[in-house]
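Numbering (UniProt numbering), first residue to last: 1 to 351. What follows is a set of notes on a single structure, which appears directly below.
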Ligand SMILES: Nc1ncnc2c1ncn2[C@@H]1O[C@H](COP(=O)(O)OP(=O)(O)OP(=O)(O)O)[C@@H](O)[C@H]1O
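The structure is reproduced here in structure tokens:
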């Protein structure tokens, strides 16, 4: 869908020192966001992850002007959201599509009727709705009603509706949280395709790290209204700093299972004399060697892969292997040095 040229020099969203307090007579003041700063560049798929109540939805609502804020600044396409005239606020929302967990479709309207809702003129609806439906793969369902569709199809309708005014920014608030894993994957794939084809910037709110891993390039982790960690997705997954981030990352990998196996004294992780149980992980993107066969050959070791979990994130392998090494102690030590020099994360689990 055609869109005005986007100035890629101006951040899509720039938030500085944002603080939002909910004031309530009954329950007193509740600080939902405290000193939040983050910058979303045009073309980013920026994941914002946090537990329930962390402040994610409040943050999105500040970005699209649904919620005011107490201090700090929220700029969308270079313009401060607070204090926008109603007309400018309407324009901001038109240029900023939004999708939600529960789709928010009108049950009394057909698929085509829902998608065409944001479009003012009949001619716009006639020309654009079929193209929008085509974009989300629902061209055959135009005359159906939401109740006749699966959850994934309903979210596709909502995505088409969010794109009706050719926004350059899409805000996604837990858009896959009500969907099963397979449907989640297909919706995330669709968002990625739309990003690649339309160049749309996506701000994606979620509580699932696997969602971030699948499509985001940047991530901010939010905890009780503050950002505890941010960075490129690969770096944060490879080397999480905050304990909350570490616990999110651990939900996406089975490598921690080895600790249970050790505790249960599983035969899988029992060692003979001269053996070592090792976890090897990718911590940088610059690894392209056949490491397992190299250390086996150079140091005359048997390397038994017990299990592994490697995914491709931002175009580079991420994750690792749990292996049992058998060989002479000095040879094993040499192999560990070899791996360290090549920036492989190593953790001796048992020896
Ligand atoms: N309208 C409101 N009035 C008072 N407090 C609110 C209001 N909306 C949210 N809060 C509080 O602000 C905090 C942040 O809420 P928010 O909905 O932004 O979190 P969230 O991370 O999106 O959580 P969830 O995933 O459960 O929706 C919570 O403690 C919540 O109770």
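All C-beta atoms, glycine included, are put in the ideal place defined by N, C-alpha and C.
Residue i Cβ short of 7 Å to ligand 1 heavy atom set
i: residue 32; result: yes
i: residue 53; result: yes
i: residue 69; result: no
i: residue 50; result: yes
i: residue 46; result: no
i: residue 247; result: no
i: residue 24; result: yes
i: residue 172; result: no
i: residue 102; result: no
i: residue 19; result: no
i: residue 56; result: yes
i: residue 343; result: no
i: residue 195; result: no
Closest by C-alpha distance to residue i, when choosing among the options
i: residue 307; options: 31, 332, 278 and 124; result: 278
i: residue 319; options: 282, 295, 328 and 332; result: 282
i: residue 35; options: 55, 10 and 336; result: 55
i: residue 74; options: 120, 88 and 16; result: 16
i: residue 271; options: 333, 57, 339 and 348; result: 348
i: residue 202; options: 89, 343 and 48; result: 48
i: residue 339; options: 289, 115, 183 and 225; result: 289
i: residue 293; options: 302, 162 and 115; result: 302
i: residue 211; options: 173, 225 and 197; result: 173
i: residue 209; options: 227, 226, 220 and 248; result: 248
i: residue 204; options: 9, 14 and 46; result: 46
i: residue 13; options: 68, 44 and 67; result: 44
i: residue 165; options: 273, 258, 100 and 132; result: 132
Host alpha helix (DSSP H) of residue i (start-end)
i: residue 299; result: Note, residue 299: premise wrong, no alpha helix (DSSP H); not H, not E.
i: residue 75; result: Unbroken run through residue 75 is the beta strand (DSSP E), 71 to 76; no alpha helix (DSSP H).
i: residue 159; result: 151 to 162
i: residue 81; result: Run containing residue 81: none; DSSP gives neither H nor E here.
i: residue 63; result: 56 to 63
Endpoints, beta strand (DSSP E) assigned at residue i
i: residue 172; result: 169 to 173
i: residue 316; result: 316 to 326
i: residue 334; result: Note, residue 334: premise wrong, no beta strand (DSSP E); alpha helix (DSSP H) at 329 to 341.
i: residue 349; result: 344 to 350
Given 8 Å as the limit, is there contact between the segment 248 to 257 and the segment 305 to 324, that is, 3 or more CB pairs closer than that?
yes
Any beta strand (DSSP E) of 3 or more consecutive residues that is wholly inside the segment 14 to 46:
28 to 40
Segment contact flag, the segment 84 to 98 with the segment 124 to 136, C-beta cutoff 8 Å, min 3 pairs
no
Is there contact between the segment 233 to 244 and the segment 215 to 223, where contact requires at least three CB pairs shorter than 8 Å?
yes
Looking at C-beta atoms only, is the number of pairs between the segment 97 to 110 and the segment 144 to 162 that lie closer than 8 Å three or more?
yes
Is the number of C-beta pairs between the segment 142 to 149 and the segment 172 to 192 that are closer than 8 Å three or more?
no
Ignoring anything shorter than 4 residues, give me the alpha helix (DSSP H) runs that lie fully in the segment 194 to 281, in order along the chain.
209 to 215, 233 to 238, 243 to 250 and 257 to 263
At what residue ranges does the segment 75 to 144 contain a whole run of the alpha helix (DSSP H), taking only runs of 4 or more?
86 to 94, 111 to 116 and 122 to 135
Assess, as a yes-or-no matter, whether the segment 240 to 249 is touched by the segment 322 to 342 under the definition of 3 or more beta carbon pairs within less than 8 Å.
no
With a cut-off of 8 Å, do at least 3 Cβ pairs link the segment 12 to 27 to the segment 190 to 198?
no
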